[in-house]
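Peer 1: Below you'll find the structure I mean.
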């Protein structure tokens, strides 16, 4: 069985904090590697020749920042990303990441539901491992569009609106938003146990020592890949 | 003919400046992508199963910083890097990049010539495009060791001691240090016209618009690669 160990939200926050203090990483570095990993997962799922149009939905925090970086790399991989970024967080880094996209003339839209139908894939970078409680405006309409659309979605770290520890919202099977693919950054979060689609991990900057300390597994990366496909929690690999 | 256009030292400095002002990139981001590209060129030249031991010589400036980042990625790709970093520059980033290596218990050596013979490959990240004039202490012994050793070398942006505009030092053919491989970051510098080994470009963050403005070519990158092999200046590809 491929059952993997997971990293809860408090441990994930502590690990980020440790990487940026003891580890001496800057958030610029970590976000660059995270976003690059997301773009490589997208490429593995469907290359730009097949799926040129990617709609990237970004939330106000670091999950949205990962989406901003991913979109830039998607552009350089040959995709045509479109951004939905309605609520920019305070960190000045987000402004710089946005400018980097504007320099490439990547379009920003305010109408997420209208953009869905013009997209081959959607990247959900709305909420990450620090999400809890309720989905705030203007994101309920985004979650609703993700739930009802037939366009495949790659979720970054968490399918937005899922509880990080307890998985999908309790509305009965088939009723929740269930993306086609998930990329777990650094390590899978507990919600990944409820996820049955294609599952990648992007964290080729974590040492075995750090993984041991936090109790998760470093997947087997191939070649120069920044991602590894790990399968579902109960799947035989 | 594969003759490529090059980027002189003043233009390269202006482009870096533009990327970090108008382009809103941080040096952390650019150096992370540069170092990652270097590690991928190394992997293409010889994977860790064949060449586990890599000696990374880093100079005091940004070329050395690229080497520090490359070494971290080499570690995560499965190599066993050893660092030679005798003269750390002032930018606080270099200190953080060094700490990131120390956290991985990557060894630092003070004796470059002694370390050469224990290495399968050497990465020359001593001087980059801002080099001019003379090779200062303690680096003449490094250049001498590179010149006389049989261990293959991957040079980052420039074979150290070469004149950026005018190529190898004028000591007669076969007398200068001539690395097996070169990775040009962002775009080849003029000295690349004198280089006949395997040649890579790492700059998958530059738009066609920027390349046009500065008068160089964006190579054709494959898949998710952060590097492209471009061949020698006069080689038919």
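Residue numbers (this note's numbering), protein chains in the order written: chain A, 447 to 683; chain B, 447 to 683.
Don't be surprised by glycine CBs; every beta carbon is placed ideally from N, CA and C.
Quick check on DSSP: helix, strand or coil for residue 574/B?
Peer 2: coil
Peer 1: Whose Cβ in chain A lies nearer than 7 Å to the Cβ of residue 579/B?
Peer 2: Ordered by position in chain A, no residue passes the 7 Å Cβ test against residue 579/B, which lies about 32 Å from the chain.
Peer 1: What is the C-beta distance between residue 525/A and residue 555/A, in whole angstroms, given that I count them as a contact (C-beta under 8 Å)?
Peer 2: Taking 8 Å as the upper bound for CB-CB distance, residue 525/A and residue 555/A are not in contact here, some 16 Å apart.
Peer 1: Please list the terminal residues of the continuous beta strand (DSSP E) segment that includes residue 526/B.
Peer 2: 526 to 530
Peer 1: Using a Cβ-Cβ distance cut-off of 7 Å, determine whether residue 489/A contacts chain B.
Peer 2: It does: the Cβ of residue 489/A has a partner Cβ on chain B nearer than 7 Å.
Peer 1: Identify every residue that forms a DSSP beta bridge with residue 499/A.
Peer 2: 526/A
Peer 1: Excluding the 5 residues preceding and the 5 following residue 450/B in the sequence, name in chain order all residues of the same chain whose CB lies nearer than 7 Å to its CB.
Peer 2: 634, 663, 676, 679
Peer 1: Could you check whether residue 512/A and residue 571/A sit closer than 7 Å to each other, using their CB atoms as the reference points?
Peer 2: yes
Peer 1: Going by DSSP, which residues form a beta bridge with residue 609/A?
Peer 2: 613/A
Peer 1: Between residue 690/A and the rest of its own chain, which residues show a CB-CB distance below 6 Å, the 5 nearest in sequence each way excluded?
Peer 2: What the structure shows of chain A is the stretch from 447 to 683, and residue 690/A is not part of that stretch, so it cannot be assessed.
Peer 1: Using CA atoms only, rank isn't needed, just tell me which of 553/B, 623/B, 612/B is closest to residue 594/B.
Peer 2: Cα-wise, what sits closest to residue 594/B is 623/B.
Peer 1: Check the Cβ-Cβ distances between residue 474/A and every residue of chain B, and say whether any is below 7 Å.
Peer 2: yes
Peer 1: Chain A beta carbons: is any one of them nearer than 7 Å to that of residue 469/B?
Peer 2: yes
Peer 1: Any C-beta of chain B sitting closer than 7 Å to the C-beta of residue 550/A?
Peer 2: yes
Peer 1: Determine the direct distance from the alpha carbon of residue 534/B to that of residue 517/A, and round the result to whole angstroms.
Peer 2: 35 Å
Peer 1: Taking C-beta pairs closer than 7 Å, name the residues in chain A that residue 670/B reaches, listed in chain order.
Peer 2: 486, 489, 523
Peer 1: From residue 549/B to residue 483/B, what distance separates their C-alpha atoms?
Peer 2: 22 Å
Peer 1: Would a check of beta-carbon distances place residue 546/B closer than 7 Å to chain A?
Peer 2: Look at residue 546/B: its C-beta is under 7 Å from a C-beta on chain A.
Peer 1: Along the segment 646 to 664 of chain B, where does the CB come closer than 9 Å to a CB of chain A? Name the residues.
Peer 2: 650, 651, 652, 653, 655, 656
Peer 1: With DSSP run on the structure shown, which of helix, strand or coil describes residue 711/A?
Peer 2: The displayed coordinates of chain A run from 447 to 683. Any statement about residue 711/A would go beyond what the structure contains.
Peer 1: Residues of chain A with a CB under 9 Å from the CB of residue 583/B: which are they?
Peer 2: Under the 9 Å cutoff, chain A gives no residues; its nearest Cβ is about 28 Å from residue 583/B.
Peer 1: Let's test the definition: count the other Cβ atoms within 10 Å of the Cβ of residue 463/A and tell me whether it reaches 16, buried, or not, exposed.
Peer 2: Exposed, since its Cβ has fewer than 16 Cβ neighbours within 10 Å.
Peer 1: Taking just the CA atoms, how far does residue 581/A sit from residue 447/B?
Peer 2: With a pLDDT of only 39 at residue 447/B, under 50, the local geometry of the prediction cannot be trusted, and no value is derived from it.
Peer 1: Buried or exposed: residue 481/B, going by 16 or more other Cβ atoms within 10 Å of its Cβ?
Peer 2: buried
Peer 1: Enumerate in chain order the residues of its own chain whose CB-to-CB distance from residue 485/B is below 7 Å, with the five nearest sequence positions on each side excluded.
Peer 2: 516, 519, 520, 523
Peer 1: Opposite residue 648/A in the DSSP bridges: which residues?
Peer 2: 631/A, 673/A
Peer 1: Count the other CB atoms, across all protein chains shown, that sit within 10 Å of the CB of residue 459/A; report buried if there are 16 or more and exposed otherwise.
Peer 2: exposed
Peer 1: Please check if any C-beta of chain B sits within less than 7 Å of the C-beta of residue 644/A.
Peer 2: Taking Cβ atoms only, chain B never reaches closer than 7 Å to residue 644/A, which makes this a no.
Peer 1: With DSSP collapsed to three states, give me the class of residue 683/A.
Peer 2: Because residue 683/A sits at a pLDDT of 45, beneath the cut-off of 50, its placement in the model cannot be relied upon, and the following sentence gives the value as read from the coordinates. Correct three-state label for residue 683/A: coil.
Peer 1: Hey, does residue 542/A have any beta-carbon neighbour from chain B nearer than 7 Å?
Peer 2: Yes - at least one Cβ of chain B is within 7 Å of the one on residue 542/A.
Peer 1: Mapping DSSP to helix, strand and coil, what is residue 554/B?
Peer 2: strand
Peer 1: Roughly how far, in whole angstroms, is the beta-carbon of residue 629/A from the beta-carbon of residue 487/A, given that I think they are within contact range, below 8 Å?
Peer 2: 4 Å
Peer 1: Express the C-alpha separation of residue 657/A and residue 589/B in angstroms, rounding to a whole number.
Peer 2: Each residue's alpha carbon lies about 39 Å from the other.
Peer 1: Would residue 478/B count as contacting chain A if we go by Cβ distances under 7 Å?
Peer 2: yes
Peer 1: Which whole-angstrom value is the C-beta distance of residue 649/B and residue 576/B, which I expect to be below 8 Å?
Peer 2: Going by Cβ atoms, the distance from residue 649/B to residue 576/B rounds to 17 Å, so no, they are not a contact pair.
Peer 1: To which residues of the same chain is residue 591/B closer than 7 Å at the C-beta, ignoring the five residues directly before and after it?
Peer 2: 558, 559, 562
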